[in-house]
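Visitor: Residue numbers (my numbering): 95 to 303.
Note that beta-carbon positions come from the ideal geometry of N, C-alpha and C, so glycine has one too.
Everything numeric in this text was worked out from a predicted model, so none of it was measured.
Supplied in structure tokens, the structure appears directly below.
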């Protein structure tokens with residue numbers, strides 16, 4: 095499912111665009127090619143596809159979510175996801191103007207990313223990738239398909255992006271920390287001498303959920 099590949103409207107961007115653009119400029123990056131779960135989740139405002147929460151493998155390949163973000167050009171942003179994520183978009187639309195929910199493995203995801211980069215005129219751009227989270231077959235496809243592009247390690251830039259928390263993020267961390275503490279205290283109060291470790295773990299799990 096390819097949804098609105100030519101659309102230019104931008105929904106509310108869930109991150110500090112000015113700061114991300116500045117970090118990209120400092121790192122010499124024109125386009126982000128984010129592939130790790132933590133960074134795609136951040137760039138999508140906290141979204142992650144629950145179907146692959148426990149394991150990325152599918153068939154002989156794996157789930158490879160990709161967020162493409164052009165510095166200063168949110169109207170060219172795209173999310174490339176699994177074919178089943180079209181339903182996720184219908185329930186809670188992604189902010190990116192372009193969504194390609196059409197992939198099952200790494201190569202079709204990488205190919206759609208390449209096509210999108212060519213479509214927005216970035217085939218010779220400085221592209222920030224995550225080497226530790228970009229499978230070798232997908233990397234080889236991108237390298238071959240975009241011979242004039244410069245692939246830059248964006249790991250440090252992305253770490254800096256997530257390091258400074260917004261007030262909303264700090265509030266979420268505070269709430270989560272307090273809820274975890276409450277769960278631990280409730281579990282401790284419940285446990286008795288002789289309670290097994292397995293039972294304590296299960297009780298904590300229930301308290302946390």
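1) Taking all protein chains shown into account, decide if residue 275 is buried (16 or more other Cβ within 10 angstroms of its Cβ) or exposed.
2) How would you call residue 177, buried or exposed, if buried means at least 16 neighbouring beta carbons within 10 angstroms?
3) Whole angstroms is fine: what's the gap from residue 295's alpha carbon to residue 215's?
4) Would you mind stating whether residue 77 and residue 207 have Cβ atoms separated by less than 8 Å?
5) Below 8 Å, how does it come out for the region 252-272 and the region 155-169: are there three or more Cβ pairs, yes or no?
6) Shortest alpha-carbon distance to residue 278 belongs to which of 288, 300, 147, 204?
7) Using 10 angstroms around the beta-carbon of residue 185, count the other beta-carbons present and answer buried if the total reaches 16, otherwise exposed.
8) Going by beta-carbon coordinates alone, are residue 149 and residue 251 separated by less than 8 Å?
9) Hey, residue 125 and residue 201 are a contact pair by Cβ (cut 8 Å); roughly how many whole angstroms apart?
10) Three-state secondary structure (DSSP) at residue 240?
11) Whole angstroms is fine: what's the gap from residue 113's alpha carbon to residue 183's?
12) Name the one or two DSSP bridge partners that residue 245 has.
13) Tell me which same chain residues have a C-beta within less than 6 Å of the C-beta of residue 136, skipping the five on either side of it?
14) Residue 164 bridges to which residues according to DSSP?
Guide: According to the data block:
1) Exposed, by the Cβ-count rule.
2) exposed
3) 53 Å
4) One cannot answer for residue 77 here, as it falls past the ends of the chain, which runs 95 to 303.
5) Below 8 Å, too few C-beta pairs join the region 252-272 and the region 155-169 to call them touching: fewer than three.
6) 300
7) exposed
8) no
9) Between residue 201 and residue 125 the Cβ distance is about 20 Å, and since that is not below 8 Å, they are no contact.
10) coil
11) Distance between residue 113 and residue 183, taken at the CA atoms: about 27 Å.
12) 221
13) 256
14) 125, 167
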